[in-house]
Amino acid sequence: MEDLYPAGPSDVPATLTRPSSLYKRQAWLAVGSLALFVALYFTLAGWFGWTAWRLISSALAGSEDVIVHVLVGGCSAFLCVFMLKALLFMERGGAPNHVELHPEEQPQLFAFLYRLADEAGAPRPHRVYLSARVNAAVFYDLSVLNLLFPSRKNLEIGLPLVNILTLSEFKAVLAHEFGHFAQRSMAIGSWVYIAQQIASHIISKRDALDKLLRVLSKFDLRIAWIGWLLSLIVWSIRSLLDTVFRLVVLAQRALSRQMEFQADLVAVSLTGSDELVHALHKLQAADEAWERTLAFANSEYQQGRSVQDLFSIQTQVLERVTQILNDPSYGKVPPRHSDAPEQHRVFVSGFAQPPQMWSTHPANSDREENAKRLYLPAPHDARSAWLLFDEPAALRQRLTSDFFHGAQLEPVALEQSLRNLADRYDMLQYAPDYQGAYLGRSLTRHAEQAVELYQDVSPATDLHGALQALYPLSLSQQLNQLRALEEERGMLQALRDKVYKASGGSIVFRGNSVSRRDLPRLIEQVTDEAEALRQEILGHDRRCRATHLAIAEQFGNGWPAYLTGLIEVLHYAEHSLADLRDAQGLLANVTSVVLADGKVSSRELKRLLQTANELHRVMAGIHDDKQLVVLDQPLLTRLGIESWAASLEEFTLPQATNDNVNEWMQVIDGWGNSLAAQLSGLCSATLEQLLHSEAELARHLRQHSQPDAAPAPTCIPQRYPVLLPGKERKRQLKLDWWDRFQIADGALATGMRLLVAGLIVGAVLGFGSLTGVDTKVAVYNGLGTAVLVRIGDQASVVGPYSSAEIKVGFASNTEVSARTLTGELIETFTPSVSNTGLHYVYNVAGASPLVAWTASYGNAAEEEPRFLGAPRWLDARADFFFSDPPESISSKSGGAQRRVLSGMGDGTPEEVLKLAGNEAQAQQIIRAHARWDEPNTANAGLWKTHAQALDAPGKAP
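Structure below.
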């Protein structure tokens, strides 16, 4: 193991990996913003749940406002479920189809990992997985429980990454990951990830609850308004949480960038300043090669052939692309151009770059500066990282077989797969002799007619000399310069449009500081330079075609017509492909616009259908013309088809309509991409056949030999769509004000949406808080004196034998008291309130019997009154409390009843005492009247007589 563990740097400062003050500040900001989101989320969910329980339980207990309580409580319950559903998730991390490794299977690898983790001061990984991704990462399985309990960290190792790294670079990459393992702030990342899952479930996911609202909103108007109201509230909650969570994401991503810097320093402390930078440089090439590898494997799969080892294919792809690009540093460590390694830079930042606020990782140039701020040299172990794996061939084949998902395919030896791959890359257009003239650029898009590709060129008198002058070394330099100018223009335009920010805070263009006012002039200057250079390159393209056509004219025998036919079919194929891709792009643009706010209006649907059918028209036109495209035999052979028409599947896709638009949008990418792949193949094969034919004619000219007769030329339609650069279908680059408001696009729209959503949510909370909170208390004063009744913080003066109603919010310690108007206390007590939604009755001092009776109207049956005795406090259900019901009412059924509760305090003592519930209540009534009735009331003397009799020995009322 010691032999496979690269040495690290010496004299590493103890403070190198210590978190910076900025790191700590970003961590506190992330925690604070996350706490705000969690508090808001659980506060809203808890409030809706509490309101639902309070109002529904009140309704079930028989509250007076049962309909209101059921309605508001039911809506609150719906909103509570809407909020809490997001907690029911379990998110597994890592790559799909990953393979778990165990120490007994890979002892060398685990010994390497454990030693590295120990040196980094990090916990050892809980589990280790291999994946087919160009990546190495920390991941964990998360649920809402991990807000309280930490989740153990797993390590993912991507074999496509292992395939290109040396031992030292592999150690640096894993040291970086173990730097994350050691970071306590990783917990913040996991918390934010959980919060992100909650937010995405609430904000973005549409499920059965949303479907219920849509169905409810389409009912009769008397019910639909509930759906409309709930939909508005749901939108407000989503908008409010979305805005707050954006703050969480901003803070967490700022922290994430600091965490990357700090993890990089852990790697530097264990492997030196260069190894991680070199690994980062290799990543892009490895990723591109892996994508091409998977594309090759998919092509083999479509033809029923398997691939034994994808990683050998990736290695071969890297070598081939290196040759094609003529770039020895592609996928490899670039050579140093300085004797001072601390000054050497692999990554160079442009004068403008995208804003970092939404990025989770810093720019590679910033990471290199961080790694080399204190340069630490270390020896480099150039051996392959595969040495750490036992039986690597078996692992490679295992992950390769997972790619094909166990499909029954023809077994193909690796050597044959490599030959098949070579056939793809052994193309003349990739040859270095062409100086990259045919790499990644169209030859015909600038020309409205194919004839423009070879005319307007002075005829060459010396064909041998003309051939010798083609494809000079300067052409490669011109192509690279053109790409650089186009990149410069793009960055200047991004600065002008405020999409990019100037690196370092000020704009430095070509060594000079410039202001934003200079940007239009600089864009025009670079555009002119690029256009002049482009015209030079296009002029060279025309000389290439014209020179070879002149050679063909010299040989005759059908060669001029054959070359012209290939140029014409290339023009047809490239413009047809561009038109198709442009129509696809427009549909994608319109789709993103109409779906921006999550809803599609009738106007937006009409626009979407028009754009969809524009794409359908383009595709139908290509299929309609397929019989008119007659390819020559060598081109058919190169394509591996019998005819162009036969190679295109029958076009059975109908136009998009209101009825089929959902299904149509689900299949259009398949139809469009399949046709685009056919056209792209025709472009490549035609270019290859054209270059082969030109090379063959040039060979015969040099050898002074005569070529055979040319094949029958290709034929194309006389008319077909031509799409010149700058004539593409217009895209909508900005949303309208309503869509911007809906998705909070921009500071103003975000502020407005936050304000509206906050007002709506605030109104909902206020209304819900007030609903059912104040309890109604009917107060009856059966005494012959006016009293001041106070319940909690509410008070009312109630005259003798009169009533009043008090609304008050009850708490567990709310007191009820009655006093005379001179301030004497009659009584005070804490009532029993089982449900605040009920209607309670306070019978002052229990001085009057109460009677519940029914007023019957029309054909309604009479009911016997109920004598309730003289309770001091009770809950009651009545339509009229201590007031007379109306003489008559209107009723469709011919009769009706009204419930009435009456007090008998103003009756004579004999009448009142007959209605007392028991002897104790009778004594209570007598003593209350005798003590508190005014002397001048009608029955004051009689009540005192009864009281005297009550106090006499052996006497009873």
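Just add 89 to wherever you are in the sequence shown, counting from 1, and you've got the working numbering. We treat Cβ as the ideally placed atom computed from N, Cα and C, and that holds for glycine. Please read these numbers as outputs of a predicted model, since none were measured by experiment.
Counting only unbroken stretches of 3 or more residues, the beta strand (DSSP E) elements lying wholly within the region 877 to 910 are 883 to 887, 891 to 898, 905 to 909, in sequence order. With fewer than three CB-CB distances shorter than 8 Å, the region 416 to 435 does not count as touching the region 306 to 322. Boundaries of the alpha helix (DSSP H) around Y651: 648 to 683. Taken in chain order, the whole alpha helix (DSSP H) runs of length 4 or more contained in the region 687 to 755 are 691 to 713, 722 to 728, 733 to 736.
Listed in chain order, the non-local C-beta contacts of K461 below 7 Å within the same chain comprise S362, E431, local neighbours out to five positions each way being set aside. In the three-state scheme derived from DSSP, where H, G and I count as helix and E and B as strand, G761 is classed as helix. The residue among R472, A378, E349 with its C-alpha nearest the C-alpha of E458 is E349. If the five residues before and after Q115 are omitted, its C-beta is found closer than 6 Å to the C-beta atoms of A343, L344, Q347, all from its own chain and listed in chain order.
Taking a 10 Å sphere around the C-beta of F270, we find 16 or more other C-beta atoms and assign the residue as buried. Residue pairing for R955: DSSP places it in a beta bridge opposite A941. When only Cα atoms are considered, V120 and R829 end up about 29 Å apart. The region 895 to 913 and the region 986 to 999 do not touch, with fewer than 3 CB-CB distances between them shorter than 8 Å. Less than 9 Å separates the beta-carbon of V188 from that of R487. Taking a C-beta distance under 9 Å as the contact criterion, T550 and L542 do not qualify as a contact pair. Under the three-state reduction of DSSP, G984 is assigned to strand.
If you draw a straight line from the Cα of P196 to the Cα of I287, it is about 40 Å long.
Bounds of the beta strand (DSSP E) holding I915 are 914 to 918. Residue environment: Y203 is assigned as exposed (fewer than 16 neighbouring CB atoms within 10 Å of its CB, all protein chains considered).
According to the DSSP assignment, L812 belongs to no beta strand (DSSP E), since it is labelled neither H nor E. Inclusion of A1041 and A1019 in the CB contact set at 9 Å is not warranted, their separation being larger than that value. Under the three-state reduction of DSSP output, V922 falls in the coil class, being neither helix nor strand. Nearest Cα to K688 within the set D630, Q831, L704, Q716: Q831. By the CB criterion at 9 Å, S906 and I915 fall inside the cutoff. According to the DSSP secondary-structure assignment, F970 is paired through a beta bridge with L990. In this structure, L365 places its C-beta atom within 9 Å of the C-beta atom of V262. When the alpha-carbon of K981 is set against those of A949, T332, L507, A1038, the nearest one is in A949. Taking C-alpha positions only, R409 is separated from P743 by approximately 43 Å.
Closest option to H637, judged by alpha-carbon separation, among L824, E785, Y929: E785. Counting C-beta atoms within 10 angstroms of its own C-beta, R842 has 16 or more neighbours from the protein chains shown and is therefore classed as buried.
Annotated three-state conformation of R107 is coil, per DSSP. Considering only Q1012, S892, D863, L854, the residue with the shortest C-alpha distance to L133 is L854. Burial state of R222 is buried, judged by a 10 Å Cβ sphere holding 16 or more other Cβ atoms. The DSSP assignment places 596 to 598, 601 to 603 as complete runs of the beta strand (DSSP E) inside the region 582 to 648, in order along the chain (cut-off: 3 residues). Excluding its 5 nearest sequence neighbours in each direction, Y869 has C-beta neighbours in its own chain below 6 Å: S892, N932, F971, G992, listed in chain order. In the structure shown, V396 adopts coil according to DSSP, grouped into three states. Going by DSSP, W475 is part of no alpha helix (DSSP H) at all; its letter is neither H nor E.
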